[in-house]
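Each remark here refers to the structure printed beneath this line.
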Amino acid sequence: MVADPGGIGEMVGGALGGMLGGGGSMAFPITPQEAEQYGKLLRFSSDQIDAAKTLLDGYLAAFKTKADEVKAKSTAIREEAKENDDNGAFKKLAPLMKDLQEERTKGETAYLADFKSVATPDQMARWEKVEMYRRRGKGLRGGGRHDQLHGRGARGRAC
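Just so it is clear: in the sequence shown, position 1 is 0 by numbering that gives the first Met the number 0, and no numbers are missing.
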C-alpha cells in the first residue's frame, strides 16, 4: 500500500504499472531472441529464422495493440477509483487482465503452430529440444534462476 493519502487509486495504479509496464507476465511470452534460439535448435537456415521472426513481429504487434487497449481501460478505471475512492475498481480490472492473459495464450499457441510450419520434417524431429529449452526457460523465470546460478538444483542440492 502507498503511504500517500492518494487512496485506492494510487494502489490500483501501482498494481497496474507492474502488470502492464515493461513486460512481466503480461508481455508476449516469446521474444525475438527466443524465436531465434528455437530456430538454432532446429538448425534453421538464416531464411527460416528471418521468416520466424517476421511471423513473430505480427504477433507482437497484435498483442501490443491489445495490451495498449487494456492499459487505457485500466488507466480510466484507476482515475475513477482515485476520484471516488472506490474499492470496486479491482473487480473491474480482473476481467481485463483475464482477457489479456487469454489473448497472450492464444497468440503463443498460434505463433508456435506457425513457427512449426516453417520447419522441415527433419527439423521437426528435433522439436523436443525446443520444448526442453522452453521448459527450462519457464523454470528460470519462475524463480529457479538464483539457485541454478549459485550451483543448486531445484531441491537445494549442489548441481
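The beta carbon of each residue, even a glycine, is placed where N, CA and C say it ideally should be.
Note that the coordinates shown come from a computational prediction; the quantities given were computed from them, not determined experimentally.
Of the residues the options, which one's Cα is nearest the Cα of residue i?
| i | options | result |
| --- | --- | --- |
| Leu99 | Lys72, Ala118, Asp46 | Lys72 |
| Lys70 | Leu92, Met131, Ser116, Thr104 | Leu92 |
| Leu55 | Lys137, Glu35, Asp67 | Glu35 |
| Thr119 | Arg42, Thr30, Glu33, Phe27 | Arg42 |
| Lys90 | Arg77, Glu82, Glu101, Glu102 | Arg77 |
| Asp113 | Asp46, Met131, Thr53 | Thr53 |
| Ala61 | Asp84, Gln32, Lys97, Tyr110 | Tyr110 |
| Gly57 | Ser44, Phe27, Asp84 | Phe27 |
| Met96 | Gln122, Glu82, Tyr132, Glu68 | Glu68 |
| Leu59 | Glu127, Ser44, Gln32, Met123 | Gln32 |
Pull up the CB-CB distance for residue i and residue j, whole angstroms please, since I reckon it's below 8 Å.
| i | j | result |
| --- | --- | --- |
| Leu40 | Arg125 | 6 Å |
| Ala88 | Ala80 | 4 Å |
| Tyr37 | Val117 | That belief does not hold up - the Cβ atoms of Tyr37 and Val117 are roughly 10 Å apart, past 8 Å. |
| Ile48 | Glu107 | With 8 Å as the limit, Ile48 and Glu107 do not qualify as a contact, their Cβ atoms being about 19 Å apart. |
Given that a residue counts as buried once 16 or more other Cβ atoms are within 10 Å of its Cβ, and exposed if not, what is residue i?
| i | result |
| --- | --- |
| Glu102 | buried |
| Pro94 | exposed |
| Ala51 | buried |
| Glu82 | exposed |
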